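I have placed the structure first, in the form of C-alpha cells, so that the comments after it can refer back to it.
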Amino acid sequence: MPSGPPLPTAGTAKSPTDPMTLLAISNLSKTFGTFKALDNVSLDINQGEFISLLGPSGCGKTTLLRLIGGFLSPTSGRIAIGGEDVSALPPNRRPLNTVFQNYALFPHMTVLENVAYGPRRAGCSRAEAEKKALEALEMVGLAAMAKRSPKAMSGGQQQRVSLARAVVNRPKLLLLDEPLSALDLQLRKRMQLELKQLQMQLGITFIFVTHDQDEAMAMSDRIAVMSSGRIEQVDEAASIYRRPKTRFVADFIGEANFVPVTGDRRELDLSQEARGVLRPEALRIFTRAEDIPEGWLSLSGQVTAITYVGGLSNVYLKAGDLELHARRYRAPPQGVSEGAQVLACFDPAEVHILGA
Amino acid sequence: MSQSRTTILWLLAFPVCLLTAFFVMPLSVVLISSFTSGEGQFTFGQYGRILLDSYHWDVILVTFRLAVLSTLICVLLGYPLAWYLVRIVKWRSWRRACVILLILPLFTSNIVRSFGWMILLGRTGLVNEFLVSFGFVDRPLRFLGTETGILIGLVYILLPFMVLTIGNALAKVDPALEQASRDLGAGSARTFFSITFPLTAHGVLAGGIIVFSMAISAYVTPALLSGGKVTVLAMLAFQQYSTVFDFNYGGALSITLLVFTIALIGIASWLAKPRTPELEGK
Amino acid sequence: MTMVVRLIALLTLGYLVLPLVVVIGGSLTDTRFLAFPPQGVTLEWYNVILRDPTYINSFMISALLAAAATLVAILAAVPAAIAISRYDFKGKAMLSALLLSPLVLPHIVLGAALLQYGASIGLIQNFPALLVGHTVIVTPFVLRTLLPQFSRDQVSLEEASRDLGASAWSTFFLVTLPQIRSGLISGAIFAFITSFINVELSIFNTTAELNTIPVQLFNYVQYSVDPSIAAVSSITILAAVAAIILIDWLIGLNFLSDQ
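Residue numbers (this note's numbering), protein chains in the order written: chain A, 176 to 531; chain B, -16 to 265; chain C, 5 to 263.
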C-alpha cells in the first residue's frame, strides 16, 4: 500500500446505486497525423467525485484532459456535460475551469487581477469581481498577497493562486493538469491534503491528471489507469490495488509479483503463464520447509539482492525464470543473505488472478 | 481549439493576400518575361545573352571576384572581432557598446555609408593623407573608380553580418571542450585549430555564404564607388529597367541573381545546423 | 596572441566607426567643399538643409512611407505570427519561409519585379507603388521579432484566458498584446528604419516630386559632393543611434555573450 495515511474520501455514498453522471465521454478518439493519442475512450464521471487520470507519459491522459477542456477537438466521439453535448464548444463556453501545469498566471497582472479575471469576463463589475477574488484567495490562504505580482512568488504560492483563479468561478468541473509536479516532496504532500479538503468543501468535481500513483491513490475517489491511449481500469484505489484487471495495471500500481498459480489456486503450475498477481508484502521468505504455514504455496529460489530502506526490507530473488520480490516492515529474516537458497511462500488467498 | 480551421483562414487572409499580390505575382511576372523574346515568344535567348556576350561575362567575373574577395576579408577581419567580443571582453557594458557600434552601420542607409567612403577614399581623403604622410606611398592612390575602392566599401557593409554569425557559433562552443584539450596537453594554438575552429566552422561557412550572396547582388555601394568605371551584375540589371527598358533581359539577369541567392541561402541554412562529427566505425 | 587579436578587433571596430565619424565631422566644416578633418566648425550646413524644401519634402515622404509600411506590416505580421506559432497546418513551413524571405533576397530584384508588375496595373511612380514594396520588405522584420514571443508559455496564458471565459478577441487585447508588446515595438522600429534607409526599392518609383531622402542623396552625390549631403546623412546617423538605443532598452541587444 502507498505510504502515508489514506485521506478521507467523499465517496459516492449519496446514492451508491445511481451516482449522478456529470461528464459523459463516449467513444472518444484523437489522432495526430498517424499517431493515435486516444483510442475509443469512454468514461462516466460522477458529480462531486475526485477522479484521477493516472498513467505513464504518453498514455493519453493529458490529451484526454485537453479534449475535455476544449483545447483540442476530438477526431471522433462525444463529450457531454450535464447531458449537453459540448464537443463543439470553445473553452470559454464550457462550464469548467483548468489549473494548468505551469500555472499560466498572467505576469502583467497582480494576483488579485488574475483571480478576478474570470468573474470580470462573466460580467461582474470590478468591485464585485475583486470581492469574489478575495474570497477565493482567502480559501487558499493568500489574501495577503493580493496586490503582489505572480512573478515574485514561490512555486507553491503560484500554484495556489492558480487554484483560486479556477475555483472562484464555481465551475461544475475542475481540470487539474499535474498541478503538483513542480513542487518539492514536502510541499507536495501538504498540497495534496489541501486540495482534497478544498474539493470536499466546495463539492466541485475534480479531474486530476498525474503520473504519480501515490498521489492518485492518496487523493482520489476513483482512479482511471491509462496506457497507450486506452483506459485499462477505472475503480476505487483499493480495488485497483487488490484486483488489477490487466498486467499493466498490476505492474504500474504498486509492485507486483506474477506467480503461475492454477485457476483454482490450489497449486503452482510452472508450465503455465504466470497470471497470478501477488503483492510483495504478501510474499514471505522462509529458510526451513517446516516453518511454512499450512496451505501455503512455495517456490524455491536464490536471493539476488537485499535492501533495507526506511524501515522496509526488500528481498529480491530468482526462482527459476521468475523474478520475485518480498517486502516487510522489519529487518530481513535471519539467515537470509545474498546468494542464499530460500523458500518464497504465500497464502493462495492473497493471489489475484488477472482477468478473473 | 474547435474552430481552428476558420480561425487559421481568417488570420492568414491578409498576410497571404499581401504576399501573393506583391511578392509572388511580381516575381512570377519577371520569371515569365525572362523567358520571353523581344517579339513576345518563349525563348531561352535572354539567358543565352548573359552567357554569350563577352562584355557581360566581364561584368559577371568582376562581380564574382569582388564577392569572393570581400567574403574572404570579412572572414579574416570578422573572426578576430567575433573572438574579441565573445571571449576576450569581460565587461557586459563594453560588449554591449561594441555590439551597438557593430549594428549601427546596419541602421544607416547604404548611401550614407558609401558616401563616407567616398570622402575617405578621395585623392585628398584621410586614407591617402595617412598613406602619404607616413611614407607608404609617394603620391595619392586612386581608390574611387577601382575595384579596390568598391571592395573596401563592400566589406564595410557586410562585416557586421559575418561577425554576428561567427559570434553566435563561437558563443555556443562549450568552454569545457577547450579546457579538456588543454588538460590533455595541447597548447592554445593547437586547441584553437583542432577544437575551437572546427566547431565554429559551420558558422563561418554559413556566414560566408550569406555574405557572399549579399555581395553578389550589391547595387548601391558599387554604383557609388565605381565612378562609372566598374560595373557589377546588379548595376547591369538596373540599367535594363532604368535606361535600356529591356525588361526581358533585365528579367533574365534578375532571375539569375535570385536563383543564385536562393541556392546559396539554402546551402547556408543546411550548413548552419551544428553537427557532431560522425564517429568512424572501427 | 590575445594582444594580436585584440589589436585586429579594435582596428576593425575603428574601421566600422570611421565612415560615420567622417560624415558627421564633414558636415561641420566651414568650407564650401567637403573636408575632413573639418576646417572650422559650424552648424550652417544643417541650417541650409533644414530650410531646403526638397529635403523637407523628401523627409516627409520618407517618414510617411516608413510609418505606413510599418503599420501595414504589423497588420500582416501579427495574425501571421499567431497562426504560425499556435497552429499546425499544411504549408506552414513554406509560408514562414516565404514571409521571411525578403530578408535574404536581393531587394533590387524585388524592386524590378514590382516595377514591371506595377506598370501593367498602373501602380508605378506613386505613393502606393512605393508603399507596397516597402511593406513587403519590412514585414519580415516585424514577424521575426514577434515569433519568439509566442512561446509555449504564451500559448498557455492564452488558453488560460479562454478557459476563464474570455472570447478570442478579449484574449488578444487583454493577454496576448501586453505580452508581445516589446517584440512588436522593436520589430516596428526595425521595420521603420529599414524602410527609411531603403534605396534599392525606392529608386524604381521615385520622381522629382515624390522622392525619399536616401534616393535624393543617391542622385545628388553622383553629381557633386558637398557638406550639405554630409549634414543630411549625419541626421540619419543620429536617428539610427537613437533607434538602436531604444531597441537595446526594449529587448536588449545582448548578442554574442557566452553566458
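Ideal Cβ placement from N, Cα and C applies to all residues, glycine included.
Fair warning: this is a prediction, and the values are worked out from it, not measured in the lab.
Below-7 Å beta-carbon distance, residue i vs any chain C residue
i          : result
B/Val12    : yes
B/Ser(-15) : Bear in mind that the predicted position of B/Ser(-15) carries a pLDDT of just 48, short of 50, making it unreliable; the figure below should be weighed with that in mind. No, its Cβ sits nowhere closer than 7 Å to a Cβ of chain C.
B/Leu103   : yes
A/His566   : The question about residue 566 of chain A has no answer here: the residues shown for chain A are numbered 176 through 531.
B/Leu141   : no
A/Pro419   : no
A/Ala279   : yes
B/Leu(-6)  : yes
A/Tyr483   : no
B/Ser116   : no
A/Asn289   : no
B/Val51    : no
B/Thr244   : yes
Where residue i falls, given that 16 or more other Cβ within 10 Å makes a residue buried
i        : result
C/Glu204 : buried
B/Cys0   : exposed
C/Phe93  : exposed
A/Arg269 : buried
C/Asn215 : buried
A/Tyr416 : buried
B/Asp121 : exposed
A/Arg450 : buried
B/Tyr62  : buried
B/Pro158 : exposed
A/Gly179 : Low confidence applies here, because A/Gly179 scores a pLDDT of 46, under 50, leaving its location unreliable and the question unanswered by this model.
B/Val138 : buried
First through last residue of the alpha helix (DSSP H) which encompasses residue i
i        : result
A/Cys520 : First-last for A/Cys520: 516 to 521, but that is the beta strand (DSSP E), not the alpha helix (DSSP H).
A/Asn489 : Where A/Asn489 is concerned, there is no enclosing alpha helix (DSSP H), although the beta strand (DSSP E) it sits in stretches over 487 to 494.
B/Thr148 : 130 to 154
A/His283 : Premise fails: A/His283 is in no alpha helix (DSSP H) and is neither H nor E.
A/Val452 : Per DSSP, A/Val452 belongs to no alpha helix (DSSP H); it is in the beta strand (DSSP E), 451 to 453.
C/Asn223 : 217 to 225
Bounding residues of the beta strand (DSSP E) (the contiguous stretch that carries residue i)
i        : result
A/Met195 : Taken as a continuous stretch (DSSP letters only), A/Met195 belongs to no beta strand (DSSP E), as it is neither H nor E.
C/Lys96  : Run containing C/Lys96: none in the beta strand (DSSP E); it sits in the alpha helix (DSSP H), 96 to 104.
A/Leu474 : 472 to 484
A/Val315 : Counting along the chain, A/Val315 falls outside any beta strand (DSSP E), and DSSP gives it neither H nor E.
A/Lys236 : It is not in any beta strand (DSSP E) - A/Lys236 instead sits in the alpha helix (DSSP H) that spans 236 to 244.
A/Phe210 : 210 to 221
A/Leu497 : 497 to 503
C/Phe37  : Premise fails: C/Phe37 is in no beta strand (DSSP E) and is neither H nor E.
C/Leu242 : That residue, C/Leu242, is in no beta strand (DSSP E); its alpha helix (DSSP H) goes 231 to 255.
CB contact below 7 Å: residue i versus chain A
i        : result
C/Leu168 : yes
C/Ser31  : no
C/Ser186 : no
C/Gln263 : At C/Gln263 the pLDDT is 46, less than 50, meaning the model places this residue with poor confidence and gives no usable figure here.
C/Ser160 : yes
Contact with chain B by residue i, beta-carbon distance below 7 Å
i        : result
C/Gln120 : yes
C/Tyr91  : yes
C/Pro218 : yes
C/Phe3   : Because chain C is modelled from 5 through 263, residue 3 of chain C falls outside the range shown and cannot be assessed.
C/Pro23  : yes
CB contact check: residue i to chain E, cutoff 7 Å
i        : result
C/Pro182 : In summary, chain E is missing from the structure at hand, where the protein chains are A, B and C.
(request) Flag this pair as touching only if the stretch 130 to 147 of chain C and the stretch 192 to 208 of chain C have three or more C-beta atom pairs under 8 Å; answer yes or no. (result) Enough Cβ pairs lie closer than 8 Å, so yes.
(request) Pair every Cβ in the stretch 145 to 158 of chain B with every Cβ in the stretch 96 to 115 of chain B, then say whether three or more of these pairs are closer than 8 Å. (result) Per the Cβ contact rule, the stretch 145 to 158 of chain B is not in contact with the stretch 96 to 115 of chain B (fewer than 3 Cβ pairs under 8 Å).
(message) With three or more beta-carbon pairs closer than 8 Å as the criterion, would you say the stretch 113 to 126 of chain C touches the stretch 58 to 75 of chain C?
(response) The stretch 113 to 126 of chain C is not in contact with the stretch 58 to 75 of chain C.
(request) Within the stretch 375 to 410 of chain A, note down every full alpha helix (DSSP H) run reaching 4 residues or more, in order along the chain. (result) Whole alpha helix (DSSP H) segments, 4+ residues: 388 to 394.
(request) Return the chain-ordered ranges of every alpha helix (DSSP H) run that is complete within the stretch 0 to 83 of chain B and spans a minimum of 4 residues. (result) Counting only runs of 4 or more residues that sit fully inside the stretch 0 to 83 of chain B, the alpha helix (DSSP H) segments are 8 to 17, 28 to 35, 37 to 66, in chain order.
(request) Enumerate, from N- to C-terminal direction, the unbroken alpha helix (DSSP H) stretches of 4 or more residues contained entirely within the stretch 51 to 117 of chain C. (result) Runs found: 57 to 90, 96 to 104.
(request) Decide yes or no for the touch test of the stretch 160 to 177 of chain C against the stretch 271 to 281 of chain A: beta carbon pairs closer than 8 Å, at least 3 of them. (result) The stretch 160 to 177 of chain C is in contact with the stretch 271 to 281 of chain A.
(message) Would you call the stretch 216 to 233 of chain A in contact with the stretch 377 to 385 of chain A, where contact means no fewer than 3 C-beta pairs closer than 8 Å?
(response) Yes, the stretch 216 to 233 of chain A is in contact with the stretch 377 to 385 of chain A.
(message) At 4 residues or longer, what runs of the alpha helix (DSSP H) sit wholly inside the stretch 117 to 186 of chain C?
(response) Segments of the alpha helix (DSSP H) lying fully in the stretch 117 to 186 of chain C: 131 to 150, 156 to 167, 172 to 175.
(request) Would you check if there are 3 or more beta carbon pairs closer than 8 Å linking the stretch 237 to 257 of chain A to the stretch 304 to 317 of chain A? (result) The stretch 237 to 257 of chain A makes no contact with the stretch 304 to 317 of chain A; the number of CB pairs closer than 8 Å stays below 3.
(message) Three or more C-beta pairs under 8 Å: does that hold for the stretch 155 to 165 of chain C against the stretch 273 to 290 of chain A?
(response) With a cut-off of 8 Å on Cβ pairs, the stretch 155 to 165 of chain C is in contact with the stretch 273 to 290 of chain A, counting three or more such pairs.
(message) Could you tell me which whole alpha helix (DSSP H) segments of length 4 or greater appear in the stretch 176 to 232 of chain B?
(response) Positions of the alpha helix (DSSP H) runs, each at least 4 residues long and wholly inside the stretch 176 to 232 of chain B, are given as 180 to 199, 203 to 208, 216 to 222 in order along the chain.
(message) Pairs of beta-carbons, one from the stretch 14 to 29 of chain C and one from the stretch 208 to 224 of chain C, closer than 8 Å: are there three or more?
(response) Flag = no, the stretch 14 to 29 of chain C and the stretch 208 to 224 of chain C do not touch.
(request) Can you check the stretch 100 to 133 of chain B for any alpha helix (DSSP H) of at least 4 residues that lies completely inside it and give the ranges in chain order? (result) Runs of the alpha helix (DSSP H) inside the stretch 100 to 133 of chain B: 109 to 116.
(message) Under 8 Å: do the stretch 261 to 268 of chain A and the stretch 233 to 247 of chain A share three or more Cβ pairs, one atom per stretch?
(response) Short answer: they touch.
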